[in-house]
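In the working numbering, each residue's number is its place in the sequence shown (first place is 1) plus 2.
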Amino acid sequence: MKPNGSKGDGGLTDLIGGRRVYKDDPRICICGDLDELSSVIGLAIVVCDDDDLRSNLQLIQKDLLKVGSQIVTAEADKQATEIENALIPRLEQQLDSIRQSASLPTGFILPGGCELNARLHHARAVCRRAERSVVSLNRNTDSNKAIITYLNRLGGFLYYAALLANHHAGIKENIAVFVEAKKQSKPAV
3 MKPNGSKGDG GLTDLIGGRR VYKDDPRICI CGDLDELSSV IGLAIVVCDD
53 DDLRSNLQLI QKDLLKVGSQ IVTAEADKQA TEIENALIPR LEQQLDSIRQ
103 SASLPTGFIL PGGCELNARL HHARAVCRRA ERSVVSLNRN TDSNKAIITY
153 LNRLGGFLYY AALLANHHAG IKENIAVFVE AKKQSKPAV
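Pasting the structure below:
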């Protein structure tokens, strides 16, 4: 008996519909980013004691499976419509709700404080990478633009959720202060 997954030993995998592509195909790489994002969100869920946030994060993990299947499906009209008509509006509503609860400090916020904050910022960073990957794919193919919108909203949601986590933990945000370099009148030697 061959081990599970031995079809991919040659560096190829299947898209939904049976088309074989190399594992470094941009669509497969995006699915890897989305899988990593879901895993990092799972790490945040483990330490989350807010029932509403935990529930929202679990819904987002399910959304990411739908987004990934839309990326690797040639005929993805049903998933595209669901992303535009259901997933984005729900995420925007969650984002608006959490944005009202978390105050936005001015300056560049350094991840950290409580553990949930750090894990949500990690998820946000992975989300932004996935978003960049989809933007790149979208420039070269006729990919669904709704995925970019969804991931952009998700990055915002994760950012505000991280702020809220520190707020609930009673921890003040660590703000980076940048010192502007003074303009020199003479060129440096």
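The C-beta atom is built at its ideal place from N, Cα and C for all residues, glycine as well. Just so it is clear, the structure is predicted and the values come from calculations on it, not from any experiment.
Look at Asp16 here: in three-state DSSP terms it is strand. Rounded to the nearest whole angstrom, the C-alpha separation of Ala46 and Ala120 is 9 Å. Just so you know, the alpha carbons of Val128 and Leu39 end up roughly 6 Å apart. One Cα belongs to Arg134, the other to Val74, and the distance between them is close to 17 Å. Inter-residue distance for Val136 and Leu36 is about 10 Å (C-alpha atoms, whole angstroms). With fewer than three CB-CB distances shorter than 8 Å, the region 52 to 65 does not count as touching the region 24 to 34.
The DSSP-derived three-state label of Asn146 is coil. Annotated three-state conformation of Leu112 is strand, per DSSP.
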